[in-house]
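*Asks:* Protein chains in written order, with UniProt numbering: chain P, 1 to 446; chain V, 1 to 337. C-beta atoms are modelled at their ideal positions from N, C-alpha and C, and glycine is treated no differently.
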Ligand SMILES: Cc1cc2nc3c(=O)[nH]c(=O)nc-3n(C[C@H](O)[C@H](O)[C@H](O)COP(=O)(O)O)c2cc1C
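1) Who are residue 292 of chain V's beta bridge partners in DSSP?
2) Based on Cα-Cα distance, which residue from V:71, V:119, V:56 and V:72 lies nearest to residue 65 of chain V?
3) Exposed or buried, which one is residue 258 of chain P when buried takes at least 16 other CB atoms within 10 Å?
4) To the nearest angstrom, how far is the alpha carbon of residue 379 of chain P from that of residue 272 of chain P?
5) Please decide whether residue 314 of chain P counts as near chain V, where near means a Cβ-Cβ distance under 9 Å.
6) Could you tell me the alpha carbon to alpha carbon distance between residue 146 of chain V and residue 49 of chain V, rounded to whole angstroms?
7) Starting from the Cα of residue 205 of chain P, find the closest Cα among P:312, P:182 and P:218 and give me that residue.
8) Mind checking the stretch 60-92 of chain V against chain P and listing, in chain order, the residues whose C-beta falls within less than 7 Å of any C-beta there?
9) Take residue 179 of chain V as the anchor and find which of V:193, V:165, V:141 and V:300 has the nearest alpha-carbon.
10) Which one of P:255, P:197, P:11 and P:131 has the shortest CA to CA distance from residue 224 of chain P?
11) Name the two residues that bound the continuous beta strand (DSSP E) containing residue 87 of chain V.
12) Say whether the stretch 148-160 of chain V touches the stretch 176-190 of chain V, bearing in mind that this needs 3 or more beta-carbon pairs closer than 8 Å, one atom from each stretch.
13) Could you tell me whether any non-hydrogen atom of ligand 1 is closer than 8 Å to the CB of residue 136 of chain P?
14) What does the alpha-carbon distance come out to for the pair residue 108 of chain P and residue 203 of chain P?
15) Specify which residues have a beta carbon nearer than 5 Å to any heavy atom of ligand 1, listing them in chain order.
16) Which of the three DSSP states is assigned to residue 1 of chain P in this structure?
17) Identify, in the order they occur along the chain, each residue of the same chain with its Cβ nearer than 7 Å to the Cβ of residue 110 of chain V, setting aside the five sequence neighbours on each side.
18) Hey, residue 116 of chain P and residue 75 of chain V are a contact pair by Cβ (cut 8 Å); roughly how many whole angstroms apart?
19) Using a Cβ-Cβ cut-off of 8 Å (strictly less than) and excluding sequence neighbours within five positions of residue 267 of chain V, which residues of its own chain qualify?
20) When you compare only the Cα positions, how much space is there between residue 305 of chain P and residue 121 of chain P?
21) Would you say residue 8 of chain V reaches chain P, if we count a Cβ-Cβ gap shorter than 9 Å as a contact?
22) Buried or exposed for residue 278 of chain P, please, with buried defined as at least 16 other CB atoms from any protein chain shown within 10 angstroms of its CB.
23) Grab me the residues of residue 217 of chain V's own chain with a C-beta within less than 7 Å of its C-beta, minus the 5 sequence neighbours each way, in chain order.
24) Is there a Cβ from chain P that is less than 9 Å from the Cβ of residue 116 of chain V?
25) Of all the options P:424, P:445 and P:435, which has the alpha carbon lying nearest to the alpha carbon of residue 6 of chain P?
26) Nearest chain P C-beta to residue 260 of chain V closer than 9 Å, yes or no?
27) So which of P:123, P:90, P:164 and P:265 has the shortest CA-CA distance to residue 96 of chain P?
28) Cβ of residue 74 of chain P less than 9 Å from any chain V Cβ?
29) Report buried or exposed for residue 390 of chain P, applying the criterion of at least 16 other Cβ atoms within 10 angstroms of its Cβ.
30) Closer than 9 Å, CB to CB, is residue 173 of chain P near chain V or not?
31) Please go through the same chain and pick out, in chain order, the residues whose beta-carbon is closer than 6 Å to the beta-carbon of residue 451 of chain P, but skip the five residues on each side of it.
32) Just the C-alpha distance for residue 1 of chain P and residue 420 of chain P, rounded to the nearest angstrom, thanks.
33) Let me know if residue 60 of chain P comes out buried or exposed under the rule of 16 or more other beta-carbons within 10 Å of its beta-carbon.
34) Out of P:50, P:362 and P:297, state which residue places its alpha-carbon closest to the alpha-carbon of residue 411 of chain P.
35) So with Cβ pairs under 9 Å, would you call residue 181 of chain V a contact of chain P?
36) Grab me the residues of residue 325 of chain V's own chain with a C-beta within less than 8 Å of its C-beta, minus the 5 sequence neighbours each way, in chain order.
Structure representation (structure tokens):
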């Protein structure tokens, strides 16, 4: 049997502090020209997919748009359709939520991307558990966390019905036929489940890969179950080796309960990659990066989210705010907050105060100490290639979704320095041998 | 004058797929879209429109398939340079917020050549959305979309390294739109499009404010649209041109397969006759949107025999520039909201 292969995607979030916008070497990453340059570099590096995140409300800090992070991005499906017209191999994956979309509309847009790209489309299914985002949409903040996965399941099942509504030979082979489509070869789809309501005669056939590849991102039990039932790929947050192994074990167990083989799902955790010519250089870059990402201004903003108060008068290099935090909930306007972090705010602040006191930390120092670390691989190309080989050979993951911190530098470094090491180890393709995303990912045919 | 062309499927005649010379399934191929747009651009059309609906274009013996229109337009964004790209999007079957982001993104991807053909919805189209509605009035959706396009000021992104600010928060605005059945907070996720406001096209019957009002090719309709405040008024005109057979014989052949029953004005005849008709129309209309019966036959005929002899406005860098429309001021400039 051939060796297991590593699959790579790039995750373009378009928001957040991991991207160092201040670096003068960066391209204008939200423009079509910048994005196309990245897509072509990914094709040069034989990547599986170019993957767009979704955030449907511009992040805020206490009622004003957050100034410190990159913001502003295109509609993912529109931008990916533009890329489809200018690329030939790269998979094109859009994160799209099932709460603030209409199922028939989204299924058709995804199908369109799949046909325009001749079988390279993917859909990262998320639920966007955030009523604050809902303020931009007709149904506002409907659906609590558990019901969102019920809607997601019903939504995906409706989408799958839409994608399989055309018989493969529905369209007449020549224009002398009595009908453009053979009567009875296109089925109307009607769904009236408790959270999805639609009646539609779909307008599109299956693509070269059948239908868009389904990704799922969301780590709660509800999210994992949705993945086990319907996803082809999971985009997981479990990157560290032990967590990755535990996650793979859990998700494969869930797969089995739905009668699916372990081989029918790819596991691609998110990761950042920091390369150096030596281990010391890589570590130095990682430290530089953390300081670029957690600037003094961002440290104040981070605490403001917890305090729920204006802290702009405090010196980031001075002691923690002497005022008491607001008792209310954590401000959701800085992005999705995991279920675990939604309660216990005041306890967390108390432990921070103790830590700052014990270690004599400033606001900036505290935030550098407590802010969650990016899930990063830091080292020489050889070191990371060896690490990834171990991940792959033990089937802990099938690959990674890389979040760049510089563009194009993160990508060009990986393509020029890391990919050749992976190829030498026999775990990465040396040319594209397929054209569809499904085939790039070695997924079983539908 | 200005000329627009509708590039749906195999052409405007429902039986066009029988006369296209290509396989029936070719209407769903990306290369078909790309070739038609390339020819329209080469021929000098100001803009191409892409008809759409969430349900099939025909319920009878004719074409039942269609790629979604924003996707088709975006697909050709990087392979065209001058032509405006105008997908049809319904105000009822897409979220206003998504719609605004889609057209804004098309405008960014084309460096300022995007437009939106506003569409209402039939009961069958509304059924695709079910209880995810209620849809809201078309005019309200247009108003919400327009406000979202202004929600970022042009110079909102400042990348000011010393203060650590990527953007100036005073220049990105909540819109707080309140319609009768829906609200939108804003701002849009997409920065202001290059044209500021992408061009809006709408039929006069929809009764929404538009940059280009599409009307039946009758002077009284043009006058009524202007009286209602329309800026540019385009006539809708179906065309069947002489080709391998006289136009009337071609039309008869097509109509034998499926009668072409529309309420639009139709021209059937020679290229010279069409040139004369367009000259007449230019007295009352700023432009004409042509609906070629069979794209593979009538579009090349238009490009070869009609457009070269017309007095068309030259195209500018953006669609607004091509149409002589200024970039609108941003309603939120100076606002602290
Ligand atoms: C790796 C990863 C990436 C995600 N990317 C997005 C995203 O781009 N947009 C979004 O709205 N949600 C994103 N999510 C959020 C989830 O899809 C989900 O909506 C949220 O986590 C709540 O579900 P959960 O409780 O199952 O995690 C992501 C989650 C994970 C784990």
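*Replies:* Judging by the given coordinates:
1) V:239
2) V:56
3) exposed
4) 12 Å
5) Residue 314 of chain P is outside the set of residues whose beta carbon lies under 9 Å from a beta carbon in chain V.
6) 20 Å
7) Cα-wise, what sits closest to residue 205 of chain P is P:182.
8) 61, 62, 63, 64, 65, 66, 67, 68, 70, 71, 74, 75, 76, 77, 78 and 79
9) V:141
10) P:255
11) 84-90
12) yes
13) Checking every heavy atom of ligand 1 against the Cβ of residue 136 of chain P, none is found closer than 8 Å.
14) 8 Å
15) P:53, P:54, P:95, P:126, P:127, P:128, P:129, P:217, P:218, P:219, P:220, P:223, P:235, P:237 and P:270
16) Any reading at residue 1 of chain P is ruled out, since the residue's pLDDT is 43, under 50, leaving its predicted position unreliable.
17) 77 and 85
18) 5 Å
19) 237, 238, 239, 240, 273, 274 and 277
20) If you take the alpha carbons of residue 305 of chain P and residue 121 of chain P, they lie about 37 Å apart.
21) So no, residue 8 of chain V is outside the interface.
22) exposed
23) 235, 236, 237, 265 and 281
24) no
25) P:424
26) Not an interface residue.
27) P:123
28) yes
29) exposed
30) yes
31) In the structure as shown, chain P starts at 1 and stops at 446, and residue 451 of chain P therefore has no counterpart that could be examined.
32) With a pLDDT of 43 at residue 1 of chain P, under the threshold of 50, the modelled position of that residue is not reliable, and the figure given next carries that caveat. Rounded to whole angstroms, the gap between the alpha carbons of residue 1 of chain P and residue 420 of chain P is 22 Å.
33) buried
34) P:50
35) Residue 181 of chain V counts as touching chain P.
36) 199, 211, 231 and 232
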